[in-house]
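Visitor: First to last, the protein sequences are chains A, B and C.
Under the working numbering, the very last position in the first sequence is 268; numbers go up by exactly one each time.
Under the working numbering, the very last position in the second sequence is 1302; numbers go up by exactly one each time.
Under the working numbering, the very last position in the third sequence is 2357; numbers go up by exactly one each time.
No residue lacks a Cβ here, since even glycine has one placed at the ideal position from N, Cα and C.
Note that this is a predicted model, so its numbers are computed, not measured.
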Amino acid sequence: MARPVLDIKSQPGFKTLAILCLAILYIPILILVIFAFNAGDLVMSWEGFSFKWFGVAFDNQEFRNAAKNTLMISSVATVAATSFATLAAIGMTRVKPWPGLAAALMVINLPLMVPEIITAVATLSFFALLAGAFGLNFGIGNIMLAHIVFCIPFAFMPIRARLEDMDLTLENAAADLYASPWQAFKRVTLPLLMPGVASGAALAFIVSFDDFTITQLVAGPGQTTLPLYIWNKIRRPITPEINAISTILILISILFVVASFMIARRRK
Amino acid sequence: MAELASTADHNNAKRNRWLSAPALISIVIFGILPLLVILVYSFLRPANYGGVVWKFSTEAYSSFLFQRDIFDDTLQFTPDYLIIYARSIGFAVFTTLVCLLLGFPTAYFMATRPPEQRNWWVLLITIPFWSNLLVRTLAIMFIIRDEGLINHILIWAGFIDKPIVMLYTNFSIMLGLLYSFLPFMVLPLYSSLEKMDFRLVEAGFDLYANKRAVLWRIIIPLAKPGIIAGCLLVFIPALGAYVTPLILGGGLHLMIGDLIAQQFGSGRNWPQGSALALILMAGVLISLFFYVRNTTGKMHHG
Amino acid sequence: MKPKNAAIEARGVSRVFAAKGQQAVAALDDVSVTINENEFFTLLGPSGCGKTTLLRLIAGFDFPTSGEILLYGEDIAMLPPFKRPVNTVFQNYALFPHMTVAENIGFGLEMLDKPRAEIDARVAEMLKLVRMEDLAARKTSQISGGQQQRVALARALAPKPKVLLLDEPLSALDYKLRKDMQIELKRLQHETGITFIFVTHDQEEALTMSDRIAVMSKGHILQVGSPHQIYDEPSVRFVANFIGETNFLNGTVTKKGRVKLTAGPEIEAAGSASTGTVTVVVRPEHASLTTAAKGQLKAVVSNVVYFGTDTHFHVTLADGAGFMVRQQNSGGLAASLKPGDKVGVMIAPGTARILRD
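1. Spell out whether any CB of chain A is found under 8 angstroms from the CB atom of Met1001 (chain B).
2. Output the boundary residues of the beta strand (DSSP E) element that contains Pro2046 (chain C).
3. Span of the beta strand (DSSP E) holding Gly2344 (chain C)?
4. Counting C-beta neighbours from all protein chains within 10 Å, is the total for Pro2169 (chain C) 16 or more, i.e. buried, or is it exposed?
5. In angstroms, rounded to a whole number, what distance separates the CA positions of Glu2039 (chain C) and Ile2213 (chain C)?
6. Against chain C, which members of the stretch 24-37 of chain A pass a CB distance test of less than 7 angstroms?
7. With Leu1252 (chain B) as the anchor, note down where its alpha helix (DSSP H) starts and where it stops.
8. Who pairs with Ser157 (chain A) in a beta bridge, going by DSSP?
9. For the alpha helix (DSSP H) containing Trp1156 (chain B), name the first residue and the last one.
10. Less than 8 angstroms between CB atoms is the rule here; does Pro2198 (chain C) satisfy it with respect to chain A?
11. Would a check of beta-carbon distances place Met166 (chain A) closer than 8 angstroms to chain B?
12. To the nearest angstrom, how far is the alpha carbon of Pro2159 (chain C) from that of Leu2185 (chain C)?
13. Spatial neighbours of Leu247 (chain A) within its chain, please: C-beta separation below 6 angstroms, excluding the five flanking residues on both sides.
14. Is it right to say Thr2200 (chain C) is buried, meaning 16 or more other beta carbons lie within 10 angstroms of its own, or is it exposed?
15. Output the distance between the C-alpha atoms of Ile230 (chain A) and Asp1258 (chain B), rounded to the nearest integer angstrom.
16. Quick check on the DSSP output: the beta strand (DSSP E) that includes Val2130 (chain C) runs from which residue to which?
17. Please report the straight-line C-alpha distance between Ser180 (chain A) and Leu2044 (chain C), rounded to a whole angstrom.
18. Within 8 angstroms of any Cβ in chain A, is that where the Cβ of Met2209 (chain C) sits?
19. Output needed in chain order: residues of the stretch 60-93 of chain A with a Cβ under 7 angstroms from some Cβ in chain B.
20. For Gly55 (chain A), count neighbouring C-beta atoms within 10 Å of its own C-beta (all shown protein chains included) and say buried if the count is 16 or more, exposed if not.
21. Between which two residues does the alpha helix (DSSP H) containing Arg1017 (chain B) stretch?
22. Excluding the five sequence neighbours on either side, which residues of its own chain have a C-beta within less than 8 angstroms of the C-beta of Met1 (chain A), listed in chain order?
23. List, in order along the chain, the chain A residues whose C-beta lies closer than 7 angstroms to that of Phe1109 (chain B)?
24. If we define contact as Cβ-Cβ less than 8 angstroms, is Tyr229 (chain A) a contact residue for chain C?
25. Which residues in the same chain have their Cβ closer than 7 angstroms to the Cβ of Ile148 (chain A), if we skip the five residues on either side of it in sequence?
26. Put Glu2168 (chain C) into one of helix, strand or coil per three-state DSSP.
27. Report the residue ranges of all alpha helix (DSSP H) runs contained in full by the stretch 1194-1221 of chain B; include only those spanning at least 4 residues, in chain order.
28. Could you check what DSSP says for Asn2038 (chain C) in three-state terms: helix, strand or coil?
29. Residues of the stretch 200-213 of chain A with a CB closer than 7 angstroms to any CB of chain B: list them in chain order, please.
30. Measure from the C-beta of Asn232 (chain A) to each C-beta in chain C and report whether the shortest distance is under 8 angstroms.
31. Rounded to the nearest angstrom, what separates Ser75 (chain A) and Pro240 (chain A) at their Cα positions?
32. Cβ closer than 8 angstroms: which chain C residues qualify as neighbours of Pro97 (chain A)?
33. Using 8 angstroms as the threshold, is the C-beta distance between Lys2162 (chain C) and Thr2192 (chain C) below it?
34. If you count every other CB in all the chains shown that lies within 10 Å of the CB of Asp2167 (chain C), and 16 or more means buried, which is it?
35. Residues of chain B with a CB under 7 angstroms from the CB of Glu241 (chain A): which are they?
36. Counting C-beta neighbours from all protein chains within 10 Å, is the total for Gln61 (chain A) 16 or more, i.e. buried, or is it exposed?
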C-alpha cells in the first residue's frame, strides 16, 4: 500500500520533543532507582549490585513505624474521603440544580485551588488553636482530618465523571420494573458506579500516601510518615538507603496508576 | 424532545443536600475555617515560641513593605519580601512557559498516535504525575549536587577538576520546578487535543494551508481550553512551591513557599507567615479570576 | 358490539412546564382519551406533540399538573412507577449492562419478590416467546440491536403488566428489521392479550399496526379512530396532512353533498358542512388521469416522480392549485406522460371529503 503523501497529523519536530520530554521525566527517576541497588556506601559511586539497602531500610524500626503510620493515615483518609465523595457526587451530578449547588461544587474543589503550603500553615494554625484554646488534640487524627479534606476532590472527580456518563434511563427502567428507589440504587446504580468509586479511592490513597507538605507542618513528634522519614534522612549523611526507600515509594505509585488504568479499561 | 428521563426522587433538593453534607461539612470545618484562622492570626502579634498573642496589630502586613528602623523609629521601604515574591512569580511564569513549549508538542504527539498506542503514552506520563514529589525532587538533587551524577561523570572523564556548583542556585530551582510540573501541563493538554476533531485540520489543508499555518491558525486556537487549564495547573502550584525550594534551594528561602513555612518554624512569627500566605492567596485568586473570565467568555462563543 | 373495558382512561390531563423567567409551556393541554383493554393503541404525532409526555404520565415518570389517569377505574396519576402494574419498553432499550439477558428479563419479578422457581419459569417462557433461548447467558452489550429490542420487550412483558407502553421502540432499527418487528409486535399483542400503548411519529407504522390511533399535535388529541377512519375520514387539516399524502381543494358548498370547486367542476363530497367555503380532501390514489377531454378537472403535468411500484403525477389545476395523482405502474396512458402535457383528472365517486375546519 502506498504511503500517504501528507500525514495530516504530524508536525515537524514534535516527535523528538515528545521523546525528549519522556526522557527528562524518567531519567532522574531511573538513576535514583538504579543507585538503590548500589552495593557501596556512597550514593554515586557504583560498587556492584546488591539488595542490601532495602534490607537496611526494612530493618530500621523507625522505617517500620513510618510505614505503619502512613498506611493507617492513608487508609482512613481514603475510606472517609471516598465515602463522602461518593455521596456528594450522587447528590450533585445530573440532578436538578438545587439552591447552593454551584457554591457547593466550588467548595468541593477548593482544596485543589489552594496551594499546599497555604493549606498546610492554615491547618497547623487551626489545630494549634483547637489545642490551645479548647484543649482538643486528636493526635494522629489531626493528620487524618487534614488528609480527608484534600482527598475528597480527588475521589470526587472520577466518580462524578462516571455518573455523568451513566445512562439515566436505567434507573427509570428499574423503577418501571417495580424496584423501590433503594433497590434501584443497590442493584443498578451502585454496581455501575463501582469502577468510578474504585478509581476515586485509588487516587485518594496515592495522594494521601505521597503527601509531604501538609503532613510535615501538621505532624507532631512521633507522627512520622514515609515521606517525612525520607526528609529526616536527608539531613544526615546520605546513603543509598534513601534511594531504596524512594524506590519503594515509586513502585507503590506505579502500582496504583496501573491498577487505576486497568479498572478504567475493564469497564469499557 | 421529552425523553423518559429522571424520576422525581433524583431531583429532590433535600435528599441531595443531605448527600452532599458530609463532604461539604468536612471541607468547611477543616479546609475553610483554617483559612479564616490564619486571616485572624495575620492581624495579631507573634508569641515568643511560636503561636500568637491575642493583641491586634497590622505589623505583619506593614512589614511586607516596610521595616521599622531601630534607631530613629521611622518606616523604611524594604524590598526583601517583594523581591522574593517577584522571584517566585518569575520562576512560576518561566516554568509555565517552558512546560508549555515542551509539553504542547508532547501532548500533541500523544494525541495523534493510534488509539491502542495512545494508552501506553498516557500511562507513561501518568506515572510521574502521581509519583511522590519529594522523591522526584530528590532525584534531581542527586544528579546536580556537588557529589552528584553529573559532576561525578565530568570529573571521572577528566573534563573538570572541581565540581560545578548547580545545587542551591536559581538554576536548580528552575530545573526542579520544570521537572515537577511538566506532567501537570501535558495531561490537560492531551485531554483537550485528544478530543479535537481532526477533520478541521483536513479542512485546513484542503484550503491550501501548510503545516505551520494549520498549527497556529487551527490546532492551537482549538486547544485553547487545554492550554489555559494546563497553564493554571502549573502556574498556581509553582507559585506556591514548597518542596522544590526546600530541597533544591538550601536554606536560602528563595521562594514564598518555604519562606512562609520558615515563619511558622524557626522564624517563630506566625502572624507574619499568615500574612505572607494570604498575600500569596490573593495572587492565586487573581490568576483564577482571569482564568474564569477567559473560559466563560469562550463558552459563550460556542 | 360487546362493550370493552377501559384499560386506561385519561380525563382532562394537562402537563404544564413552567420554567423560571420563561413562558409556561403546556406539553399536554386538557387531554382526554379512553384506551380499551386488549387493544393495540397508538399515539401518533410529530416531535413535540405531547405523545411521549402522555406516555410518561401513564408510566409514572412524571405527574400531571391537573386531571386524572385511571387504570381500570383507579386513579394512578400520583403513584410512583414501581407501584403501577404498567411496564415500559424504552426507546434506547435501557437494558442493564451489568446483567445477562436472563437476569434482565427476570428483574421485574425479582423486585416483586416472586419465588426463584417462578422467576426461572417465566424467564424461560419469555425467552421462547421472543425466540432468544440460546442467548440467555449473554451480557446485553454483546447482542445486536434487534436482539436488544426483543430482550427489552421480554423484560417488560415478564411481570404480566396490565398495560405495556412502547416508546418509539423501533426507531433505531433498519428498515427490514423494523418491518419484521412490526409484525412480531402485533403477534405478541394478540397472543398475550395485553393492552399495548405504542408511541411513534411514523404514520405508516401506526397505520399498519394499530387497532386505533390517536393523532396528536401541540399537546392536543386531534382525532381518535381506527386506521381506516383516520386515513379515509380525517376530521381536521392537520390529520389529513400528517397521514399519507393529501390533496386540498378549495370550493363552495352548493347543496348538501355537493361542492363547486374553484378549479372548475362541481363534485360530490361527503361531510357535514352545509354552506360556505370549504376545503375538500382527496387522496392521491383516489384520483386517476385520463385525457384532457374526459377529465372532471383540467390540468397540466408539472412533475412526474417514479417510485418503482407506482408513480406520482404532480399537476397544476385550472385555478393554479397543485394536485397529486398516484397511479400504479401497470402501463396505460399514464406511462407516457411528461411535464407540460395536458391531462384530465378524475376523482373516484364517494372519496372526496369536506374537512371540518
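Guide: According to the structure data:
1. Only weak support exists for where Met1001 (chain B) lies, its pLDDT of 29 falling under 50; the value from the coordinates is given anyway. No, Met1001 (chain B) lies away from the interface with chain A (no Cβ there is under 8 angstroms from its Cβ).
2. Taken as a continuous stretch (DSSP letters only), Pro2046 (chain C) belongs to no beta strand (DSSP E), as it is neither H nor E.
3. 2342-2347
4. buried
5. Cα atoms of Glu2039 (chain C) and Ile2213 (chain C): separation of roughly 10 angstroms, rounded to the nearest angstrom.
6. none
7. Premise fails: Leu1252 (chain B) is in no alpha helix (DSSP H) and is neither H nor E.
8. One detail in the question is off: residue 157 (chain A) reads as Met in this sequence, not Ser. Answer is none; Met157 (chain A) lacks a bridge partner.
9. 1149-1156
10. Per the sequence shown, the amino acid found at residue 2198 (chain C) is Phe instead of Pro. So, not an interface residue.
11. no
12. 17 angstroms
13. Before going further, note that residue 247 (chain A) is Thr rather than Leu in the sequence given. Excluding positions up to five away in sequence, the list reads Val33, Ala36.
14. buried
15. 18 angstroms
16. Annotation for Val2130 (chain C): no beta strand (DSSP E) segment contains it, and DSSP assigns it neither H nor E.
17. Their backbone Cα atoms lie some 32 angstroms apart in a straight line.
18. No, because no Cβ of chain A sits closer than 8 angstroms to the Cβ of Met2209 (chain C).
19. Residues are counted here when their Cβ sits less than 7 angstroms from a Cβ of chain B; for the stretch 60-93 of chain A these are Phe84, Ala85, Leu87, Ala88, Ile90, Gly91, Met92, given in chain order.
20. exposed
21. 1013-1027
22. Any answer about Met1 (chain A) is weak, because its pLDDT of 48 lies below 50 and its placement is not dependable; what the coordinates show is given next. For Met1 (chain A), where only same-chain residues beyond five positions count, there are no Cβ hits under 8 angstroms.
23. Phe14, Lys15, Ala18
24. no
25. Ala77, Ala80, Ala81
26. coil
27. 1199-1206
28. coil
29. Ile206, Asp210, Phe212, Thr213
30. no
31. 29 angstroms
32. Neighbours of Pro97 (chain A) on chain C: none; closest Cβ ~11 angstroms, over 8 angstroms.
33. If you check the CB distance, Lys2162 (chain C) and Thr2192 (chain C) do not come in under 8 angstroms.
34. With 16 or more Cβ atoms within 10 Å of its Cβ, Asp2167 (chain C) is classed as buried.
35. Within chain B, no residue comes near Glu241 (chain A); the closest Cβ sits about 12 angstroms away, beyond 7 angstroms.
36. exposed
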